[in-house]
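Visitor: Residue numbers (the numbering used here): 1 to 292.
Don't be surprised by glycine CBs; every beta carbon is placed ideally from N, CA and C.
Keep in mind the model is a prediction, meaning the values are calculated, not measured.
Before anything else, here's the structure in question.
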Ligand code: SF4
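Next comes the structure, spelled out in structure tokens:
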């Protein structure tokens, strides 16, 4: 019997990252769908404010990319949104393809593994497409508003860096500008904290095959799980408590401490499933309208 997940569930970089960090967290959040009244990060107000600003920045950029006048959008912005938006206006990568620019696009791809069929979805901040057929070039751009830019070596390990290009290539056959080959795709992170130093990852067929194998392993493991015992807590070490449990809402339930980790120590790269700006929940309508 494959694992029963809610009918609207699609795997995302967030849920997969949760599983990779701590299988129990995946179980509690996505199978039991348990809300737990603990703070992820202290102080809460400041954390909430960062979340709100991140969401506001994404909305601003979405409107700017849709062609709304920049002067109008810049008016009356509170700090640090004013600086972030100014950085975007000055340092939006100049080499992005211009023929097609899609913002806040959700794509989904079916995935059949030995343990069952499932789907994988991703919400893209921006997809820029240019060129024809053989010369097609597709850049996935992800805006990040965390307090520090994330190191390349850490981004390379993140499920987002695997899932975004993978889903795009798999879903591209059904898109007006598709299909695209892995070699035509680039994933790029852009940081308000370091707007002139984006981090780019070029995709390839070898990487696509390796990513498929990795996803197969993880999804088989998850879908073969039957109960809570098959989703163990992350090993109890000081480092894991610091990196994962102290920023996890389930820590008192798991007996892994009471107080939230501090915002000062919060590093999105160390605990990426608590992403400050990407709440990757897909609505049933969004998922159903995608080819699957
Ligand atoms: S508190 Fe720690 S062990 Fe419990 S779900 Fe969260 S990360 Fe896993």
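Classify residue 36 as helix, strand or coil using the three-state DSSP reduction.
Guide: Coil.
Visitor: Tell me whether residue 293 counts as near the ligand SF4, meaning its Cβ is closer than 7 Å to at least one heavy atom of that ligand.
Guide: The question about residue 293 has no answer, for the chain in this structure spans 1 to 292.
Visitor: For residue 4, does the three-state DSSP call read helix, strand or coil?
Guide: Coil at residue 4, not helix or strand.
Visitor: Quick one, are the C-beta atoms of residue 121 and residue 12 less than 8 Å apart?
Guide: The answer is yes: Cβ separation under 8 Å.
Visitor: Leaving out five residues before and five after residue 173 in sequence, what residues of the same chain have Cβ atoms less than 7 Å from its Cβ?
Guide: For residue 173, where only same-chain residues beyond five positions count, the Cβ hits under 7 Å are 179.
Visitor: Please list, in chain order, all residues with a C-beta atom less than 6 Å from at least one heavy atom of the ligand SF4.
Guide: Having a Cβ closer than 6 Å to some heavy atom of the ligand SF4 are 22, 24, 25, 28, 233, 234, 244, 245, 248, 250, 251, 254, 256.
Visitor: With distances taken Cα to Cα, identify the nearest neighbour of residue 216 among 162, 35, 59, 69.
Guide: Selected option, being the one with the closest Cα: 162.
Visitor: How long is the line joining the alpha carbons of residue 25 and residue 135, rounded to whole angstroms?
Guide: Rounded to whole angstroms, residue 25 to residue 135 spans 43 Å at the Cα level.
Visitor: Between which two residues does the alpha helix (DSSP H) containing residue 71 stretch?
Guide: Residues 70-74.
Visitor: Could you check what DSSP says for residue 152 in three-state terms: helix, strand or coil?
Guide: Helix.
Visitor: Considering only DSSP beta bridges, list what residue 293 is partnered with.
Guide: What the structure shows of the chain is the stretch from 1 to 292, and residue 293 is not part of that stretch, so it cannot be assessed.
Visitor: Give the secondary structure of residue 99 by DSSP, where H, G and I count as helix, E and B as strand, and everything else as coil.
Guide: Reduced to three states, the DSSP call for residue 99 is coil.
Visitor: I think residue 107 touches residue 168, with their Cβ atoms under 8 Å apart; what is that distance to the nearest whole Å?
Guide: Right, their Cβ atoms sit about 6 Å apart.
Visitor: Does residue 161 come out as helix, strand or coil in the three-state DSSP assignment?
Guide: Of the three classes helix, strand and coil, the one that applies to residue 161 here is helix, per DSSP.
Visitor: By DSSP, does residue 186 sit in helix, in strand, or in coil?
Guide: Here residue 186 sits in strand by DSSP.
Visitor: Residue range of the alpha helix (DSSP H) that residue 26 falls in?
Guide: It spans 23-26 - the alpha helix (DSSP H) in which residue 26 sits, taken as one unbroken run.
Visitor: Would the beta-carbon of residue 158 fall within 8 Å of that of residue 127?
Guide: The answer is no: Cβ separation not under 8 Å.
Visitor: Which of the three DSSP states, helix, strand or coil, is assigned to residue 126?
Guide: Here residue 126 sits in strand by DSSP.
Visitor: Please return the same chain residues whose Cβ sits closer than 6 Å to the Cβ of residue 269, not counting the five positions on each side in sequence.
Guide: Because the pLDDT at residue 269 is just 43, under 50, the model does not fix this residue reliably, and the value given afterwards should be weighed accordingly. 150, 154, listed in sequence order.
Visitor: Cutting at 6 Å between CB atoms, please list the residues of its own chain near residue 3, excluding the five before and the five after it.
Guide: Excluding sequence neighbours, residue 3 sits near 223, 225.
Visitor: With residue 142 as the anchor, note down where its beta strand (DSSP E) starts and where it stops.
Guide: 137-144 is the span of the beta strand (DSSP E), which, as asked, contains residue 142.
Visitor: Where does residue 58 sit, in a helix, a strand or coil, going by DSSP?
Guide: Residue 58 falls in the helix class under three-state DSSP.
Visitor: Give me the Cα-Cα distance between residue 244 and residue 21, rounded to the nearest whole angstrom.
Guide: Distance between the alpha carbons of residue 244 and residue 21 is about 7 Å.
Visitor: Return the CA-CA distance between residue 182 and residue 76, expressed in angstroms with no decimal places.
Guide: The straight-line gap from Cα to Cα measures roughly 42 Å.
Visitor: Return helix, strand or coil for residue 271, following the three-state DSSP convention.
Guide: Interpretation of residue 271 is limited by its pLDDT of 49, a score under 50 that renders its predicted location unreliable; the figure taken from the coordinates is listed afterwards. In this structure, residue 271 counts as coil in the three-state DSSP scheme.
Visitor: By Cβ distance, which residues of its chain are closer than 8 Å to residue 97, with the 5 residues on each side in sequence left out?
Guide: If we look at residue 97 and ignore the five residues flanking it on each side, its Cβ neighbours are 128, 129, 130, 131, 137, 138, 139.
Visitor: Taking the beta carbon of residue 87 as the centre, do at least 16 other beta carbons fall within 10 Å, making it buried, or is it exposed?
Guide: Classification for residue 87: buried.
Visitor: Between the Cα of residue 209 and the Cα atoms of 236, 197, 250, 166, which residue gives the shortest distance?
Guide: Closest by alpha carbon: 166.
Visitor: Does DSSP put residue 293 in a helix, a strand or coil?
Guide: Here the chain comprises residues numbered 1 to 292, so residue 293 is not present and cannot be evaluated.
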